Structure formats: C-alpha cells, structure tokens
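J.: I have a structure I would like to understand better, so I am pasting it below and will then ask my questions one at a time.
Numbering (this note's numbering), first residue to last: 4 to 115.
So this is what it looks like as structure tokens:
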C-alpha cells in the first residue's frame, strides 16, 4: 500500500486527518474498534473524531515517490488495480517514458 496524505498520531495510533475551519483536527479511521476511542460512525466504514491540535502527538504529510527507469516520480496507488500511478508535468520525460496525457499539463502512467 502506498500512503499519501496528511496523518496524525493520537493516543499512540495513526490516523489520516483534515484541518477544520476552527483549526481543530478531524481524525479519520476505517476501524470499527475506534468507536471505543470516542470516534463517531459517519458512513460505511468511516469513523471520525474531532480533537484540538494540542491533543495530537504529531502531524505529518506523506508524499510518496517512486524510481522508474532511473527517474523519480510522485507515486500513488490505483485503488481499482493496485498498480502504481506515476505522474509528471515534464512533457519530454513523459514522451520518453510512454506516459499518457491526463490533463492539460499532466501525464500519467500505471506500472506494476
């Protein structure tokens, strides 16, 4: 699994999070067991808990990268296929590596 996004450590566990307008933190979990930690059921298997910044032990952001054919690219996981999705805005590099144009300035390629 390739991780990407914002994460917080709260009571020794790691959660993804979003920052709310009032500067508090919304912790996001996919674990039913977190209901016992004060999380509320939001939808399907999504549980949330709002906490103050002082209540979290650490905040950090992960931007995964991958080396493909000797070049470094931002990397994420394609949920449908489990493949690695590589992106670049470098037109020449994209053409050289066989990337497909996915937006006005973005090129992408799925690899194993």
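We put the CB at the ideal spot given by N, CA and C, even for glycine. Here the structure is a predicted model, which is why all the values come from computation and not from measurement.
For residue 104 and residue 9, what's the separation of their Cα atoms in angstroms?
T.: What you label residue 104 is simply residue 101 of the chain shown in a count that begins at 1. What you label residue 9 is simply residue 6 of the chain shown in a count that begins at 1. Straight-line Cα distance between these residues: approximately 27 Å.
J.: Could you check the C-alpha separation between residue 86 and residue 18 for me, to the nearest Å?
T.: As a working mapping, residue 86 is identified with position 83 in the chain shown. As a working mapping, residue 18 is identified with position 15 in the chain shown. If I take the Cα positions, the gap works out to 23 Å.
J.: May I ask you to verify whether the region 51-60 touches the region 27-36, counting CB pairs closer than 8 Å and requiring at least 3?
T.: Counting Cβ pairs under 8 Å, three or more are found: they touch.
J.: Grouping DSSP H, G and I as helix and E and B as strand, with all else coil, what is residue 86?
T.: Numbered from 1 along the chain shown, position 83 holds the residue referred to as residue 86. Reduced to three states, the DSSP call for residue 86 is coil.
J.: Report yes if the C-beta distance between residue 92 and residue 71 is below 8 Å; otherwise report no.
T.: The residue given as residue 92 occupies position 89 in the chain shown. The residue given as residue 71 occupies position 68 in the chain shown. Contact: no.
J.: Taking only runs that begin and end inside the region 5-73, name each unbroken beta strand (DSSP E) of 3 or more residues, in chain order.
T.: Listed in chain order, they are 8-13, 16-22, 28-32, 43-46, 49-54, 61-65 and 68-71.
J.: Taking the alpha-carbon of residue 77 as reference, which of 89, 111 and 45 has the nearest alpha-carbon?
T.: As a first step, residue 77 is located in the chain shown; it is residue number 74 there, counting from the start. Of the listed residues, the one whose Cα sits closest to residue 77 is 89.
J.: Do residue 49 and residue 33 count as a contact pair if the criterion is CB distance below 8 Å?
T.: Residue numbering aside, residue 33 sits at position 30 when the chain shown is read from its first letter. Residue numbering aside, residue 49 sits at position 46 when the chain shown is read from its first letter. Contact flag set, yes.
J.: For residue 67, which residues in the same chain have their Cβ closer than 8 Å to its Cβ, ignoring the five residues on either side in sequence?
T.: Residue mapping note: residue 67 aligns to position 64 of the chain shown, counting from 1. Result list for residue 67: 5, 6, 7, 77, 78 and 79, in chain order.
J.: Out of curiosity, what's the CA-to-CA distance linking residue 82 and residue 21?
T.: Along the chain shown, read from residue 1 onward, the residue named residue 82 stands at position 79. Along the chain shown, read from residue 1 onward, the residue named residue 21 stands at position 18. Looking at the two C-alpha atoms, the distance is approximately 21 Å.
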